[in-house]
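Input: a single structure, listed below in structure tokens.
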Amino acid sequence: MSKNLYIAASEAEAGKSLIALGMMDYLSRRITRIGFFRPIVKSGEIMDNHVRLIRERFKLDVVYKDMYGLTSEELNKLIRNGDNDSIQTIILNKYKKLESKCDFVLVEGSDFKSHISSFEFNFNIRVANNLGSPIIAVITGKNKNVAEVIDSVQLMKEMLSQENGSQIGTIVNRANERDVASIKSLLDKNTVDGDLNFVIP
Numbered sequence: 000m001s002k003n004l005y006i007a008a009s010e011a012e013a014g015k016s017l018i019a020l021g022m023m024d025y026l027s028r029r030i031t032r033i034g035f036f037r038p039i040v041k042s043g044e045i046m047d048n049h050v051r052l053i054r055e056r057f058k059l060d061v062v063y064k065d066m067y068g069l070t071s072e073e074l075n076k077l078i079r080n081g082d083n084d085s086i087q088t089i090i091l092n093k094y095k096k097l098e099s100k101c102d103f104v105l106v107e108g109s110d111f112k113s114h115i116s117s118f119e120f121n122f123n124i125r126v127a128n129n130l131g132s133p134i135i136a137v138i139t140g141k142n143k144n145v146a147e148v149i150d151s152v153q154l155m156k157e158m159l160s161q162e163n164g165s166q167i168g169t170i171v172n173r174a175n176e177r178d179v180a181s182i183k184s185l186l187d188k189n190t191v192d193g194d195l196n197f198v199i200p
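For the sequence shown, the positions run 0 to 200 when numbering that gives the first Met the number 0 is used.
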């Protein structure tokens, strides 16, 4: 059984942070030593809002600097220098330090921009692969009909396949309430046995 889980959004405004909060609540009832990690945060001085919420709510006895891999500034500097290998190495090393103190680590993917690009989702898949973590992918159903939601899911699955990501589930968040049953049925019809599918209005 995996000791970690990576939550990654393939689109903007997917509600990934609320999903992470709900997942932490579920896991904390079953696992004593649980950790929370973000590969990228905006600042190393001002605590990331998502990290603060999780750290305070679940009383995690971990210092802030051990709960993230790189700051945005550090990441951008490495990208400008073309040092992509160091990006993955630093994130992995910091993650491993946290993992050594935990029975399970929940990882919430990055938020580079106000909109999520395919580049960012692919980056998160590569990080998850490097951490040896299965992925739950989150997409938004907001302002989409059933066909558009399924198209988004298919695109997300194609990106995961291209990067050899290990996906164990899909969460469609903010779906139109009248479409929930139809979306769930189509997801279940086109999924591998054992994968988890959730549709949240």
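Glycine included, C-beta positions come from ideal geometry on N, C-alpha and C.
Original post:
When DSSP builds the beta bridges, which residues end up paired with residue 196?
Top reply: 169
Original post:
Which residues does DSSP pair with residue 37 in a beta bridge?
Top reply: 67
Subject >> Sub-8 Å separation of residue 4 and residue 135 beta-carbons >> reply: yes
**OP:** With distances taken Cα to Cα, identify the nearest neighbour of residue 100 among 194, 36 and 187.
**Re:** 36
Original post:
Touch check for the region 5-22 and the region 124-144: three-plus C-beta pairs under 8 Å?
Top reply: yes
Original post:
Between which two residues does the alpha helix (DSSP H) harbouring residue 4 extend?
Top reply: Taken as a continuous stretch (DSSP letters only), residue 4 belongs to no alpha helix (DSSP H), being part of the beta strand (DSSP E) at 3-8.
Subject >> Neighbourhood of residue 2 by C-beta, 6 Å cutoff - its chain only, sequence neighbours within 5 removed >> reply: 103
Original post:
Buried or exposed: residue 174, going by 16 or more other Cβ atoms within 10 Å of its Cβ?
Top reply: buried
**OP:** Report the three-state DSSP secondary structure of residue 74 (helix, strand or coil).
**Re:** helix
Original post:
Which value, in whole angstroms, describes the spacing of the CA atoms of residue 97 and residue 151?
Top reply: 33 Å
**OP:** For residue 59, name the three-state secondary structure that DSSP assigns.
**Re:** coil
Original post:
On the three-state DSSP scale, how would you describe residue 31?
Top reply: coil
Original post:
How is residue 190 classed by DSSP in three states: helix, strand or coil?
Top reply: coil
Subject >> Endpoints, the alpha helix (DSSP H) within which residue 147 is located >> reply: 145-161
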